[in-house]
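Asker: Chains as they are written, first to last, in our numbering: chain G, 2 to 342; chain Y, 2 to 342.
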DNA sequence: TATCAACACGAAATCGTTTTAGTTTACATT
DNA sequence: AATGTAAACTAAAACGATTTCGTGTTGATA
């Protein structure tokens, strides 16, 4: 530790100026071949690496993208990040990821840490708490400095490029499939309405019920409070006097939890009760029966988001019009639902 | 964009020097109350935030920890990172995460990106490819600059503090439990031997067989090649003429995949064949039957690792002796194994 | 012998901040 | 009137790099 080798040290050691050393290392024609060789050999010997901080400060560019996601233990976000990484590397950028843990304060902290020169742009999926508080000043401030693209968990109040999943379409598709396979008492396990994705999925669910002229039953709409015991809240649904015969859950965990509860009650899946989840992750793949679900193309979303961001970063002048791209979802039928006849 | 407010701009605007502005903002006694107020008001109005790059360059400290993990879609690593974050925040540090995707080149790239002032220390879990190539020069170079702590996937050739899971003990415990519940044809689904954790778990498995005087059958030792189809490789094991009656898999996915294959073959779990996995993640929790597994305390591991690292960072003089901490594992018996009688 | 160009290198500015070491100015003390 | 000193600032160096603009030396040309 502490033996960091710098241009200055090389210069001193070789009796040259820092400018000469810098130029020699970048093979400038201004420097004689002799000196170039000498400097390069010395630099190599001492493992010289330019200080990236200094470089960034000088160049006013970092070639780094900051990503902030709410949860780390989340298959969908993982795939989004893969897509982001791919698109970023393709265009010479690196990616740094921070986690807000769905906390407003941590989101602000992370942004402050990465802002101010550290990254050239931000890719953010908003923390639940921030959506709840509806306080977006940190994003507004940020936008003056570097471009921002929101993905998945977005908010209309923030004016920037966005990439979202077709939550409405997904909710509709899932509910429609349940209806078409004979379910009539269809429940939805969703989030409180301030979570954008949950709301969109619920709207799709309601639209499908409406289209097929099925009455909405408020008992069948469960809004999970993350702070309380999730299992207990879902048990109430399954144990309803008039049990639902089809359940659409807005994420994998709710879906898998609900199915387990139903199985514990001795119910046959999908004959007596069907389940559709959202996100095609490991839980859906490995559950038994395997879970029918809406595959969200996280990888595509990541690629789209990073493309939008880099375009903004590299744009000579900013387009005042912001785009919102919608990534479609695919209904993936497995064995937690009945087959179409 | 482009309207970044700096000390210099504030100074110019108010007709002061940058030093005065800097001091005013930090409430220096050298500056009159009047000027302080004026500067602060102005700074607030224009959302002034010190450029963190400049600060780091000046202070030669970033209060940021760089974490590099091989895979993102991995429950265990997620929990480790939670622990790291907790410990880091507690001592005033922030955390940045990069992913090597198990690629040697990306690992080197990530380190280069974060080194040179960006972070005060590194927490790394080595990429598979790096373990395979056995090329650790990037770590050696790194260690001259900032402290390094390795976790989970480590290597004896790298001389630094380490935190590992008790892989050997876990392998032993799992195998012993299978033996005690009547299994005699016990298979292991593991990784190639160059992966440190797989090797440790296999050694535990072998030790248990030896202790209980059960012959080792090489057909029952499957080393999964990640580049090939995982399912196919596991099918070969389950379809062996003399089928194993107990399977210990070194991770969740192998365990769940194996169990699904067995169930597809109509085998009863655990009566005809038992399964134990490693890592207590969502897959184990939601599989059916739920998976017996070795719970690795990732959160603890993260907290231990960050503690070791920060101690190094803040130490006046370096302790030439490096520690290796071992985090114990707990056997969590669920329903994929028989009960002890 | 001036003049000029080419060569090889160095000085200084710059990025944005903090901090040490001055420098004014005004006022009080002797 | 000379000196001291506190108050309120500013200049300049430092962090580590790049780059623009010089500058001194050499050798060739007019």
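Virtual Cβ for every residue (Gly too), placed ideally from N, Cα, C.
1) Would you say the region 64-74 of chain G touches the region 100-108 of chain G, given that touching needs at least three Cβ pairs under 8 Å?
2) For chain G, find out if any of its Cβ atoms is closer than 8 Å to the Cβ of residue 103(Y); answer yes or no.
3) Quick check on this structure: which residue in 173(G), 23(G), 88(G) and 41(G) has the alpha carbon closest to the alpha carbon of residue 277(G)?
4) Using the Cα positions of residue 118(G) and residue 120(Y), report the straight-line distance between them to the nearest angstrom.
5) Report yes or no: do the region 28-41 of chain G and the region 174-188 of chain Y share at least 3 C-beta pairs separated by less than 8 Å?
6) Could you spell out the range, first to last residue, of the beta strand (DSSP E) harbouring residue 326(G)?
7) Identify the residues that DSSP records as bridge partners of residue 297(G): which are they?
8) Have a look at 244(G), 144(G) and 320(G) and flag the residue whose alpha-carbon is nearest the alpha-carbon of residue 186(G).
9) Just the Cα atoms here: how many angstroms apart are residue 124(G) and residue 150(G)?
10) Taking residue 9(G) as part of the alpha helix (DSSP H), name the residues at either end of that continuous run.
11) Please classify residue 98(Y): does DSSP put it in a helix, a strand, or coil?
12) What's the gap between the Cα of residue 194(G) and the Cα of residue 200(G)?
13) What residues from chain G crowd round residue 262(Y), counting only those whose CB sits closer than 7 Å?
14) Would you tell me roughly how many angstroms separate the C-alpha atoms of residue 59(Y) and residue 301(Y), rounded to the nearest one?
15) Take every Cβ of the region 44-56 of chain G, pair it with every Cβ of the region 2-16 of chain G, and state whether three or more of those distances are shorter than 8 Å.
16) Going along chain Y in order, which residues have a C-beta closer than 9 Å to the C-beta of residue 31(G)?
17) List, from N- to C-terminal side, the alpha helix (DSSP H) runs of 4 residues or more that fit wholly inside the region 176-257 of chain Y.
18) Give the single residue among 46(G), 122(G) and 14(G) whose Cα lies nearest to the Cα of residue 308(G).
19) Determine the direct distance from the alpha carbon of residue 263(G) to that of residue 269(G), and round the result to whole angstroms.
20) Measuring alpha carbon to alpha carbon, tell me which residue in 282(G), 320(G) and 132(G) is nearest residue 81(G).
21) Quick check on residue 257(G) - is its C-beta less than 8 Å from some C-beta in chain Y?
22) Looking at chain Y, is there any beta carbon in it that lies within less than 8 Å of the beta carbon of residue 5(G)?
23) Quick one: what's residue 74(Y) bridged to in DSSP?
24) Measuring CB to CB, does residue 153(G) end up less than 8 Å from residue 105(G)?
25) Go ahead and label residue 168(G) buried or exposed: buried means 16 or more other beta carbons lie within 10 angstroms of its beta carbon, across all protein chains shown.
26) When you compare the CB positions of residue 180(G) and residue 238(G), do they come within less than 8 Å of one another, or not?
27) Going by the beta-carbon positions, is the gap between residue 112(G) and residue 139(G) smaller than 8 Å?
28) For the ligand FMN, is there a heavy atom less than 7 Å away from the beta-carbon of residue 286(Y)?
29) State buried or exposed for residue 89(G), treating a residue as buried only when at least 16 other CB atoms are found within 10 Å of its CB.
30) List, from N- to C-terminal side, the alpha helix (DSSP H) runs of 4 residues or more that fit wholly inside the region 85-159 of chain G.
31) With C-beta atoms as the reference, is residue 192(Y) less than 8 Å away from residue 338(Y)?
32) Assuming residue 39(Y) and residue 15(Y) make a contact with CB atoms under 8 Å, what is their CB distance in whole Å?
33) Can you list, in chain order, the residues of the region 135-146 of chain G whose Cβ is nearer than 7 Å to any Cβ on chain Y?
34) Smallest Cα separation from residue 188(Y): which of 29(Y), 133(Y) and 259(Y)?
35) Counting contacts by CB-CB distance shorter than 8 Å, is residue 171(G) in contact with chain Y?
36) Does the Cβ-Cβ distance between residue 254(Y) and residue 223(Y) come in under 8 Å?
Answerer: Reading from the atomic positions:
1) Contact holds: three or more Cβ-Cβ distances are below 8 Å.
2) no
3) 173(G)
4) For the pair residue 118(G) and residue 120(Y), the Cα-to-Cα distance works out to about 14 Å.
5) no
6) 325-328
7) 330(G)
8) 244(G)
9) 5 Å
10) Here the alpha helix (DSSP H) through residue 9(G) covers 8-15.
11) Collapsing the DSSP output to three states places residue 98(Y) in a strand.
12) 5 Å
13) Here the premise fails: no neighbours, minimum Cβ distance about 12 Å.
14) In this model, residue 59(Y) and residue 301(Y) are separated by some 34 Å (Cα to Cα).
15) yes
16) Ordered by position in chain Y, no residue passes the 9 Å Cβ test against residue 31(G), which lies about 26 Å from the chain.
17) 197-212 and 231-239
18) 122(G)
19) 8 Å
20) 282(G)
21) Chain Y places a beta carbon closer than 8 Å to that of residue 257(G), counting this residue as a contact.
22) yes
23) Under DSSP, residue 74(Y) forms no beta bridge with any residue.
24) no
25) Buried: at least 16 other Cβ atoms inside 10 Å.
26) no
27) Closer than 8 Å, so yes.
28) No copy of the ligand FMN appears in this structure; indeed no ligand is present at all.
29) buried
30) 105-115, 129-134 and 138-146
31) no
32) 7 Å
33) Listed in sequence order: 142, 145 and 146.
34) 259(Y)
35) no
36) no
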